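Keeping their order, the protein sequence lines are chains A and B. All letters in the first sequence, in the order written, are residues 1 to 316 by the numbering used here. All letters in the second sequence, in the order written, are residues 317 to 591 by the numbering used here. Idealized CB from N, CA, C, for every residue including glycine. Note that this is a predicted model, so its numbers are computed, not measured. Report on the structure given below.
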Amino acid sequence: MTWIPEDSWIVLTGALCAMACALPGCFLVLRKMSMMGDAISHAVLPGLATAFLVTGSRASLTMFLGAAVVGVLTAVFTQWITRLGNVDQGAAMGIVFTTLFALGLVLIRSAADKVDLDPSCVLYGAIELTPLDTVTLFGYLVPRATLVSGIVFLLNLGIIVALFKEFRLSAFDSGLADTLGFSSHFLHYLLMVMVAVTTVAAFEAVGSVIVIAMLIVPAATALLLTHRLGLVLLLACLFGASSAFLGHLGAITVPTWFGFQDTNTSGMMATAAGFLFLIVWIVAPRTGLVAQFFHKRTDLPDLPSQGKKARPTASR
Amino acid sequence: MNRIFKKMSPAGDAAVENLSDHPAGHPLSVHDLTVAYHRKPVLWDVDLDIPDGKLVGIVGPNGAGKSTLLKACLELIPRTSGEVAIYGEPYKNQRHLVGYVPQRESVDWDFPVSALDVVAMGTYRKLGWLKRVGKKERDLARHALEQVGIGDLADRQISQLSGGQQQRVFLARALAQDAQLYFMDEPFAAVDAATEQAIVKLLQELNSQGKTCLVVHHDLATVAKYFDWVILLNMRVVASGPTAEIFTPENLEKTYGGQLNLLNQAVQALQSIGK
């Protein structure tokens with residue numbers, strides 16, 4: 001194995017993407033709307049395609065704008081169909097995001113001959129190619145994707161640090177948030193915009209299919225380990241970054257053991273994230289399989305069974 | 317309604333000047349309130365006028381619209397028609413006067429927060445957007461937890477609390493809101509005897525400070541003991557008034573209709589109080 005500077009850029013891009021995804025991802029998981037992340041990551045496609053067709057360039061700002069608009073539309077349409085059509089939220093999401101995704105594919109396909117936007121790149125990402133497309137930043141050549149992921153990560157970090165209290169309140173008890181004057185609708189749509197924008201940044205790294213793994217898996221892993229939300233966010237970022245590193249390392253080493261060339265990094269990133277989850281699920285203190293086997297819950301002797309597993313009645 | 321407003325406002329202004337933390341006017345006036353889900357009415361033509369400083373029990377069979385009434389007053393669900401006035405004004409002007417204790421099942425108790433974090437949420441309205449919880453808010457939250465008798469559990473994650481303790485966390489959070497009018501949705505549901513006593517004590521304490529509490533309640537046997545005002549609800553308001561006058565077998569029969577089993581319990585409860 002040889003590690004060249006391009007490998008470091010690939011890992012850095014992947015790590016920044018994964019961390020940018022993990023932050024809003026934690027709140028998606030906590031609000032039991034993980035699949036909303038999947039829906040939005042697919043549904044932003046027509047927004048991207050339209051922005052691309054209108055401006056004719058892959059300039060990031062218009063792409064992000066298009067994605068943000070369609071991201072909010074996805075959330076709005078889902079809510080309308082749920083309420084007016086009297087169908088379950090999952091079904092409503094299925095209707096909205098497949099329709100929008102298909103529309104996006106059609107738009108890209110029909111424009112693909114004329115312009116340089118590759119459907120398979122949108123679907124699966126092309127993180128291996130990111131070091132080739134560079135911009136100059138303070139005199140250094142930096143891959144554009146790295147810069148974009150970094151900006152989105154800092155943006156997400158800034159918003160979540162500033163509105164930590166508000167996001168936590170509305171995720172835990174949206175009714176109370178509304179009665180206290182913190183509009184849970186506003187926070188909901190802000191989160192949806194964050195997810196949409198993050199998804200676009202992650203497209204180039206991991207593609208629209210695997211981005212869901214970056215949104216959900218590090219957050220779910222972190223939640224196995226701690227009961228403190230701040231720590232959950234931090235750990236989720238760590239797990240995301242580690243899966244980027246392990247994923248790329250795996251992609252360039254593992255196949256050679258079996259006599260193959262290297263494999264797709266984004267696929268290995270998601271696989272690594274899954275592996276990390278598996279390991280934590282087995283060895284986590286208190287909640288892990290091993291801990292449960294040995295302790296048989298003796299560490300919580302005074303827990304009455306009632307009320308402990310109170311499930312939320314409905315999520316938005 | 318307009319009549320009430322006119323009668324209230326001059327007195328209200330005077331009282332606000334005299335006693336700024338206690339607003340004048342009736343805590344809750346509901347006029348012609350109708351709420352429907354998918355065009356099926358859940359509440360129909362509700363009129364209520366709750367006087368100041370009462371402990372109010374809201375009683376009725378399952379599906380009578382008790383929780384819906386609270387949520388409609390708090391604008392958590394859309395009203396089909398009608399008006400609600402909190403101390404003589406629309407709710408959006410009076411948020412700071414209202415505390416809400418939702419049903420315990422309405423939230424996910426596996427959520428990664430401590431008991432203290434949840435209680436501190438009661439102070440968020442005063443904090444406003446962007447400001448962080450500081451020492452002052454944490455002290456207030458700790459004090460509220462002590463008031464409901466679980467000060468020692470402040471740092472526990474909420475899934476590690478029993479059902480009764482979780483209910484007390486919700487009450488402590490309402491205390492931290494420091495409101496004048498409290499809406500409580502079934503605080504007595506599935507709690508242990510010690511918690512029930514703690515809640516009753518808390519209600520009486522709030523009452524002695526001149527605060528008004530509207531409590532959705534299921535146990536007919538304790539209505540007369542806990543509440544001095546009662547609302548009998550079954551989609552419409554069957555009766556509303558002082559418990560001694562309103563909580564009668566005839567009214568209960570009207571409220572519970574054919575549900576004889578419940579009705580018998582109620583009659584027995586009344587008889588046992590009579591003795």
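The DSSP-derived three-state label of V211 of chain A is helix.
In the structure shown, N550 of chain B adopts extended strand secondary structure according to DSSP, grouped into three states. Straight-line measurement puts the Cα of G341 of chain B at about 35 Å from the Cα of A506 of chain B.
Within the region 402 to 413 of chain B, the residues whose Cβ lies closer than 8 Å to some Cβ of chain A are R411, listed in chain order. Per DSSP, the unbroken beta strand (DSSP E) holding V351 of chain B starts and ends at L344 to Y353.
The Cβ-Cβ distance between A488 of chain B and L461 of chain B falls below 8 Å. Judged by beta-carbon spacing, G398 of chain B lies within the 8 Å limit of V346 of chain B, meaning their Cβ atoms are closer than that value. Identification of residues in the region 228 to 239 of chain A having a C-beta nearer than 7 Å to some C-beta of chain B yields R228, L229 and V232, given in sequence order. Here I4 of chain A is exposed: its Cβ has fewer than 16 other Cβ atoms, across all protein chains shown, within 10 Å. Under the Cβ distance rule, F27 of chain A does not count among the residues neighbouring chain B, no pair being separated by less than 8 Å.
Around the C-beta of V11 of chain A, 16 or more other C-beta atoms lie within 10 Å, and the residue is accordingly described as buried.
K32 of chain A sits in coil when the DSSP states are folded into three classes, being neither helix nor strand.
A residue is called buried when at least 16 other Cβ atoms come within 10 angstroms of its Cβ; E521 of chain B does not meet this threshold and is exposed.
In the three-state reduction of the DSSP assignment, A506 of chain B falls in the coil class.
The three-state secondary structure of Y416 of chain B, taken from DSSP, is strand. Residue B:L432 holds the alpha-carbon nearest to the alpha-carbon of R228 of chain A among B:A537, B:L432, B:D455 and B:L364.
By the C-beta density criterion, G139 of chain A is exposed, having fewer than 16 other C-beta atoms within 10 angstroms. Listed along chain A is no residue with a C-beta nearer than 7 Å to that of F543 of chain B; the closest approach is about 23 Å. T221 of chain A and K527 of chain B have their C-alpha atoms roughly 45 Å apart. The three-state reading of DSSP puts E405 of chain B in strand, counting E and B together. With respect to chain B, the C-beta atom of T226 of chain A has a partner C-beta closer than 8 Å. Close to chain B, meaning a Cβ-Cβ distance shorter than 9 Å, are the following residues of the region 154 to 169 of chain A: A162, L163, F164, K165, E166, R168 and L169. Ranking A:P285, A:L137 and A:E166 by CA distance to the CA of K447 of chain B puts A:E166 first. CA-to-CA, the gap between A39 of chain A and A272 of chain A works out to about 23 Å. Interface criterion met: the Cβ of Y440 of chain B is under 8 Å from a Cβ in chain A. The beta-carbon separation of V197 of chain A and V152 of chain A, rounded to 6 Å, stays under the 8 Å limit for a contact. Here the alpha carbon of M36 of chain A sits roughly 31 Å from the alpha carbon of R472 of chain B.
With contact defined as three or more Cβ pairs closer than 8 Å, the region 346 to 360 of chain B and the region 389 to 404 of chain B are in contact.
Chain-order list of chain B residues neighbouring D178 of chain A: L390, E391 and L392, by C-beta distance under 9 Å. Under the three-state reduction of DSSP output, E391 of chain B falls in the coil class, being neither helix nor strand. For I279 of chain A, there is no enclosing beta strand (DSSP E); the enclosing alpha helix (DSSP H) covers residues T265 to V283. By the neighbour-count criterion, in which 16 or more other beta carbons inside 10 Å mark a residue as buried, P558 of chain B falls on the exposed side. Residue pairing by DSSP places W545 of chain B opposite B:V372 and B:P558 in a beta bridge.
One Cα belongs to G56 of chain A, the other to L155 of chain A, and the distance between them is close to 26 Å. Interface with chain B (8 Å Cβ-Cβ cutoff): G14 of chain A is excluded.
Interface annotation, F182 of chain A: in contact with chain B, CB-CB separation under 8 Å.
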